[in-house]
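See below for the structure under consideration.
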Amino acid sequence: MDLTPESNQDDEAVGDLSFDPKGALDAGDGAVLTRLARAVEAVDPVPDDLVERSLFAITLAGLEADLMEAVYLDTPLAGVRGAAAAARADDTAPAEAKTITFTHDSLTVMISLSPAAGGRVRIDGWAAPAAGLDVELHRPGVDVVTVASDEDGRFAFDSVERGRASLVVRRTDGGGGAVSTPVIEL
Amino acid sequence: MTGSREALPDVDGSGLTLGDRAAIALTEYREGNRQALGELVREATPLLWHTVRAQGVDQDAAEDVVQSTWVALVRHAETIAEPKAVLKWLLVTAKRAAWESVRKHRDDEKRRTELPDDSPEHPMALPAKDPLPDAEVLRDERDRILWMSLQKLPGRCQELLRLVSLADRPDYRHISAAIGMPMGSIGSTRGRCLAKLRTILDEQGDFSWI
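Read top to bottom, the protein sequences are chains A and B. Those letters in the first sequence? Residues 11 to 196, per the numbering used here, in order. Those letters in the second sequence? Residues 12 to 221, per the numbering used here, in order.
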């Protein structure tokens with residue numbers, strides 16, 4: 011496959027340059043790549059807590075729950091996490107409820123996050139198709155909290171400390187496998 | 012622990028590359044050290060992030076793809092045939108998941124635009140994609156020249172060089188392979204993309220890049 015776009019002819023014309031295009035990396039290459047790495051990080055920085063969320067996701071991988079996928083179509087401007095972070099940064103602002111939808115082959119779970127007293131978060135959830143579900147709230151370094159949904163698939167966690175969290179959803183009748191949301195920032 | 016090391020890269024005192032460290036981390040994880048992946052996650056997440064972003068995945072979705080790539084590593088830890096190639100495995104897994112995410116997103120948008128109320132009288136605004144990252148944040152003139160020069164390369168060259176810059180130089184070969192751009196002859200460690208970039212940079216004027 012030819013990866014050079016327009017002309018290859020100039021490959022031959024580089025003889026008078028200070029480096030050998032076919033050769034090993036030289037000091038100039040190293041310096042260019044180092045500078046490029048800084049530019050890449052400056053232009054599109056890795057989100058602050060992505061590493062921490064990934065590490066927590068790894069510890070949950072042993073739960074053998076299929077990962078659900080978050081749907082972001084309804085968050086056109088500020089991302090869910092961005093909005094949550096903004097709300098955290100300014101607790102005096104009247105934070106709006108945020109909704110996130112998670113899907114998996116067999117199940118859709120929608121959660122709504124709203125401020126609770128003491129800077130905490132209330133989670134209201136709804137799962138479809140409606141079924142009796144056990145919903146586990148996993149957070150780093152904290153015991154798992156489990157609530158049962160009603161027969162319409164509704165569930166709630168009244169007051170949750172902010173931070174990284176993942177929900178694991180199991181049908182109470184044991185049907186289907188467990189599914190888990192990605193680790194999100196409450 | 013010594014026995015399993017035999018399969019790992021033989022280093023000659025020049026230090027381990029990210030690819031080597033990834034291989035060691037996976038091997039130690041397989042041997043029961045559950046903490047072994049921590050440092051690898053810290054180190055390689057930027058590489059995965061930029062791999063995923065290069066496929067046109069927006070920020071929120073990219074965060075989930077990176078997470079799910081790490082989860083996939085843990086779930087497949089016992090079955091990855093070649094620990095030595097785990098860095099490549101991570102990049103390829105992230106890339107495939109990114110493509111899948113882009114495909115689903117497109118399908119969803121298509122479905123939405125086909126809704127009956129999406130008529131000329133009631134145009135439906137699709138959510139704006141994240142604006143493309145731009146070079147405004149680059150204050151240093153040489154940084155800007157470098158960034159502009161990079162944009163003149165074919166897209167896949169840009170992707171390759173962005174990733175290579177974040178890894179250790181000897182990982183160039185693994186990363187090229189993961190991107191589907193093998194480097195060709197053994198003698199050429201620089202590769203065409205970097206040579207091309209250096210040529211463009213030289214045309215920009217007499218800057219010292221060292």
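From the three backbone atoms N, C-alpha and C, an ideal C-beta is built for every residue, glycine too.
query                                                                                                                                                                           : result
Do R155(B) and R45(A) have their C-beta atoms within less than 8 Å of each other?                                                                                               : no
Are there three or more Cβ pairs, one per stretch, closer than 8 Å when the region 81-95 of chain B is compared with the region 166-175 of chain B?                             : no
H114(A) to L77(A), Cα distance in whole Å?                                                                                                                                      : 8 Å
Looking at C-alpha atoms only, which residue of R107(B), I211(B), A105(B) is the closest neighbour of L164(B)?                                                                  : I211(B)
Please name the residues in the region 26-59 of chain B whose beta-carbon is closer than 7 Å to at least one beta-carbon of chain A, in chain order.                            : L48, G49, V52, R53, T56, P57
Unbroken alpha helix (DSSP H) runs of length 4 or more, entirely within the region 70-108 of chain B: which are they?                                                           : 70-86
Let me know the secondary structure DSSP gives M78(A) once reduced to three states.                                                                                             : coil
Secondary structure at F167(A), three-state DSSP: helix, strand or coil?                                                                                                        : strand
Leaving aside the five residues before and after D179(B) along the sequence, list all residues of the same chain whose C-beta is less than 6 Å from its C-beta, in chain order. : T28, L29
Which residues of chain B have a Cβ atom closer than 9 Å to the Cβ of E161(A), listed in chain order?                                                                           : Residues of chain B passing the Cβ test: none, with the nearest at roughly 29 Å.
If the cut is a Cβ gap below 9 Å, which residues of chain A does R153(B) touch?                                                                                                 : R45
Grab the span of the beta strand (DSSP E) containing S175(A) for me, first residue to last.                                                                                     : As written in the sequence, residue 175(A) is Ala, which differs from the Ser given in the question. 174-181 is the extent of the beta strand (DSSP E) around A175(A).
Taking the alpha helix (DSSP H) that G30(B) falls in, what are its first and last residues?                                                                                     : 29-41
Between the beta-carbon of E79(A) and the beta-carbon of D75(B), is there less than 8 Å?                                                                                        : yes
I'd like to confirm the pairing. Which residues does DSSP put opposite K108(A) in its beta bridges?                                                                             : L123(A)
Taking 8 Å as the CB-CB cut-off, is A138(A) touching chain B?                                                                                                                   : no
How is the beta strand (DSSP E) around I221(B) delimited, first residue to last?                                                                                                : Unbroken run through I221(B): none, as it is neither H nor E.
So for A188(B), helix, strand or coil by DSSP?                                                                                                                                  : helix
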